[in-house]
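The structure appears below as structure tokens.
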Amino acid sequence: MIRGLRLGPVLVALFALAALVGPWLAADPGALDLDHQFELPSAAHLLGTADNGVDLLSAMLLGARLAATVALVVVGLSVSVGTLLGAWAGLRGGTFDLVLGGVMDLVQSFPGIVLNIAILALVAEPSLWHLIVALAVPGWVLYARLARAEALALRDREFVQAARVLGVPPRRILLRHILPNLAGPILIQATSAFGGVVLAESTLSFLGLGPATHVSWGALLDQGSGVLLRFPHVALVAGGAIALTVLGFNLTGDWLRDRVDVRG
Amino acid sequence: MSGELGRYLLVRGVRGLATVLGVVTLVFLLVRLIPGDPVDTLLGDRATAEDRADLRARLHLDETLPVQYARFLGDVADGSLGRSFRSDRSVGERIAEVLPDTAALALAALALALALALPLGVLAAARRGTWIDRGASTFAVLGLALPNIWLGPLLVLAFAVQLRWLPLPGDDAVGAAGLVLPALTLGTAFAAVLARQTRAATAEALGAPHVTAARARGLGEGALLRRHALRLAWMPILTVAAAQLGALLSGTVVVEKIFERPGLGDLFLEAFFDRDLPVVQGCVLVIALVYVVVNLALDLAYAFVDPRLRLGGGTRE
Chain A
0 MIRGLRLGPV
10 LVALFALAAL
20 VGPWLAADPG
30 ALDLDHQFEL
40 PSAAHLLGTA
50 DNGVDLLSAM
60 LLGARLAATV
70 ALVVVGLSVS
80 VGTLLGAWAG
90 LRGGTFDLVL
100 GGVMDLVQSF
110 PGIVLNIAIL
120 ALVAEPSLWH
130 LIVALAVPGW
140 VLYARLARAE
150 ALALRDREFV
160 QAARVLGVPP
170 RRILLRHILP
180 NLAGPILIQA
190 TSAFGGVVLA
200 ESTLSFLGLG
210 PATHVSWGAL
220 LDQGSGVLLR
230 FPHVALVAGG
240 AIALTVLGFN
250 LTGDWLRDRV
260 DVRG
Chain B
0 MSGELGRYLL
10 VRGVRGLATV
20 LGVVTLVFLL
30 VRLIPGDPVD
40 TLLGDRATAE
50 DRADLRARLH
60 LDETLPVQYA
70 RFLGDVADGS
80 LGRSFRSDRS
90 VGERIAEVLP
100 DTAALALAAL
110 ALALALALPL
120 GVLAAARRGT
130 WIDRGASTFA
140 VLGLALPNIW
150 LGPLLVLAFA
160 VQLRWLPLPG
170 DDAVGAAGLV
180 LPALTLGTAF
190 AAVLARQTRA
200 ATAEALGAPH
210 VTAARARGLG
220 EGALLRRHAL
230 RLAWMPILTV
240 AAAQLGALLS
250 GTVVVEKIFE
260 RPGLGDLFLE
270 AFFDRDLPVV
280 QGCVLVIALV
290 YVVVNLALDL
300 AYAFVDPRLR
310 LGGGTRE
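Protein sequences appear in the order of chains A and B.
Here numbering that gives the first Met the number 0 is used: position 37 in the first sequence is 36, and no number is missing along the way.
Here numbering that gives the first Met the number 0 is used: position 220 in the second sequence is 219, and no number is missing along the way.
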């Protein structure tokens, strides 16, 4: 349906590279250069400078590290907790399934970033870990629903019934038969969700709720929006980094879905 | 009304009420879990012990948790939602004051997205493989990837700074003209998802056996779309639209900040930074309740339309 699906993996690779080696190449974000504030791109500053003369390219590289760290930890936590709970509920049913269903309904009755903000409101000064927790608390539900649905479908397949008849304990059925079959759909979901977490981190930082100790694309975009009429390049650069990263993960998710999911 | 439908409505209604009560309880507990004393934050370190005790009593923070909970339930029931720490007015009053602004923004975004996405998706499905289809696909991909925190400033740069067609964010941006850019910012991602789903659902419906049969009878493509395909397509479209409501609601928080508009999101953020807990609590509650109630209404609407749902007792997913 969409041409240029390869663009996705390329953008993701660029983002990963920036996050991995970026901080070694970046200039110190704390260094003040008051003679060169809000300058347009030049040979000395390839993407120009922001408030206090901060080099925007360096800031983008450091922001990539923060976005990647948050996204990796949040997706990792959400996938492992969500998949395990969901698969177990689907396999076993009963009270556990009912309670989990209620909890998931409850968590999902708070739309989008509202629950994130409500959790961040619990602490005076949000740190990196607070941000991660705020994003992971609603994050696992997506994987739990997916894993539950897939486990429900797998439960009645012959190979699982055979294992049950042979007396294989449920925990082993989960590990040996259910989880390996969940890997594909979960991986596709996680890839698309990665971009969503990057976006959520940027949005919270944009609103001023991110950790003040780290350079964030969202916080820079906020700064850029404040000086939009005089120095639009700050908002353009910071927002562009967010948009290209989200686009990269969305396209990669579609690409994976087309390649892996034969039903689609 | 048939017996099954009545039973379904009852079950779904009870589940909806349970969710509402769960939301109210969770919001109450969430705010009580905040470490640190709100009285310290409000009075500073130089307050005397009497001042602190006085304020504590005024805010009912000296009561036990169950008593506070009962009081909170009462405040929710009578709509006052408690008293703001920072002003002498009730939280309900403050929310009621800004709610119309947020509702106008959300409805305008919804209308714009529908007006943009439905024709685009249907056209793309009817003219598959043409430039219209490719254009619609590109719009769907870009619309989803463009974060509203970036799209907002971009639209301001293009339409308010360069072209000067629309007012800049701020006090002058009132009325319908001031609503266009915020609504576009909020509605674009929604329109992207909707266009994609409309195209997929319409294309699938156009391939359904009874549509093929009608085509074989010599019915024109336009009549095929109108009389057969769209009837089949609107359910999946509505399902996806409903799934996006949460993003639309929480997007108002961001858009109100970008465009300096008053509203529920603006009040929510202000209360967050002021550590005005009753207001934070009230905003979270109202946003969640709107979301739950709209979803409940949609579920019930589906049950009227699609008998499989009420017979199976399931919900749309």
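Backbone N, C-alpha and C fix where the C-beta goes; we use that ideal spot for every residue, glycine too.
Just to confirm before moving on: does the CB-CB distance between residue i and residue j stay below 7 Å?
i              : j              : result
D275 (chain B) : F84 (chain B)  : yes
I177 (chain A) : L119 (chain A) : no
P210 (chain A) : S126 (chain A) : yes
F205 (chain A) : G217 (chain A) : yes
V285 (chain B) : V19 (chain B)  : no
A194 (chain B) : A296 (chain B) : no
H189 (chain A) : V80 (chain A)  : It is Ala, not His, that sits at residue 189 (chain A) in the sequence shown. Cβ distance not < 7 Å, so A189 (chain A) and V80 (chain A) don't count as in contact.
G250 (chain B) : N147 (chain B) : yes
A200 (chain B) : A175 (chain B) : no
A139 (chain B) : A204 (chain B) : no
V278 (chain B) : A287 (chain B) : no
G223 (chain A) : A234 (chain A) : yes
Measuring only the C-alpha atoms, how far is residue i from residue j?
i              : j              : result
L220 (chain A) : M59 (chain A)  : 11 Å
V226 (chain A) : W149 (chain B) : 14 Å
L165 (chain B) : G47 (chain A)  : 29 Å
V167 (chain A) : G29 (chain A)  : 59 Å
D96 (chain A)  : L151 (chain A) : 11 Å
A70 (chain A)  : I112 (chain A) : 15 Å
G247 (chain A) : R5 (chain A)   : 9 Å
R31 (chain B)  : L72 (chain B)  : 14 Å
I'd like to know if residue i contacts chain B, where contact means its C-beta is closer than 7 Å to some C-beta of that chain.
i              : result
I112 (chain A) : yes
S126 (chain A) : no
P231 (chain A) : yes
G92 (chain A)  : no
A234 (chain A) : yes
L255 (chain A) : no
S108 (chain A) : yes
L6 (chain A)   : no
L39 (chain A)  : no
M0 (chain A)   : Any answer about M0 (chain A) is weak, because its pLDDT of 46 lies below 50 and its placement is not dependable; what the coordinates show is given next. Answer yes: the Cβ-Cβ gap between M0 (chain A) and chain B drops below 7 Å somewhere.
T251 (chain A) : no
F14 (chain A)  : no
T82 (chain A)  : no
Let me see if you follow: with CB-CB separation under 7 Å, is residue i close to chain A or not?
i              : result
F271 (chain B) : yes
S83 (chain B)  : no
G313 (chain B) : Residue confidence for G313 (chain B) is low, a pLDDT of 48 falling below 50, so the modelled location carries little weight; the figure read from the coordinates is stated next. With 7 Å as the cut-off, G313 (chain B) does not count as an interface residue toward chain A.
F189 (chain B) : no
G262 (chain B) : no
A242 (chain B) : no
L98 (chain B)  : no
A144 (chain B) : yes
I148 (chain B) : yes
Taking all protein chains shown into account, do 16 or more other C-beta atoms lie within 10 angstroms of the C-beta of residue i, making it buried, or fewer, making it exposed?
i              : result
Q107 (chain A) : buried
R147 (chain A) : buried
G85 (chain A)  : buried
F109 (chain A) : buried
L31 (chain A)  : exposed
D61 (chain B)  : exposed
A3 (chain B)   : As written in the sequence, residue 3 (chain B) is Glu, which differs from the Ala given in the question. Label assigned to E3 (chain B): exposed.
E157 (chain A) : exposed
D104 (chain A) : buried
R11 (chain B)  : buried
V13 (chain B)  : exposed
E49 (chain B)  : exposed
D54 (chain A)  : buried
W254 (chain A) : buried
S86 (chain B)  : exposed
E255 (chain B) : buried
A110 (chain B) : exposed
H59 (chain B)  : exposed
Q160 (chain A) : exposed
R230 (chain B) : exposed
S89 (chain B)  : buried
### Query
Does the pairing of the stretch 158-165 of chain B with the stretch 237-253 of chain B give three or more beta-carbon distances under 8 Å?
No, the stretch 158-165 of chain B does not touch the stretch 237-253 of chain B.
### Inter-stretch contact (C-beta, 8 Å, three-pair minimum) for the stretch 70-78 of chain B and the stretch 204-217 of chain B
In short, these stretches do not touch, since the Cβ pair count stays below three.
### Message
Under 8 Å: do the stretch 112-125 of chain B and the stretch 250-266 of chain B share three or more Cβ pairs, one atom per stretch?
### Response
Not touching, per the Cβ criterion.
### Task
Tell me, please, whether the stretch 177-187 of chain B touches the stretch 219-226 of chain B by the rule of three or more beta-carbon pairs shorter than 8 Å.
No, because fewer than three Cβ pairs between the stretch 177-187 of chain B and the stretch 219-226 of chain B fall closer than 8 Å, the two stretches do not touch.
### Query
Is the number of C-beta pairs between the stretch 293-305 of chain B and the stretch 4-18 of chain B that are closer than 8 Å three or more?
The stretch 293-305 of chain B and the stretch 4-18 of chain B touch, with no fewer than 3 CB-CB distances between them shorter than 8 Å.
### Query
So, do the stretch 75-85 of chain A and the stretch 138-156 of chain A have three or more beta carbon pairs nearer to each other than 8 Å?
Result yes; three or more Cβ-Cβ pairs closer than 8 Å.
### Query
If you pair each beta-carbon of the stretch 59-72 of chain A with each one of the stretch 19-38 of chain A, do three or more pairs fall below 8 Å?
A contact exists between the stretch 59-72 of chain A and the stretch 19-38 of chain A.
### Message
Would you call the stretch 102-110 of chain B in contact with the stretch 46-65 of chain B, where contact means no fewer than 3 C-beta pairs closer than 8 Å?
### Response
Output reads no: the stretch 46-65 of chain B does not touch the stretch 102-110 of chain B.
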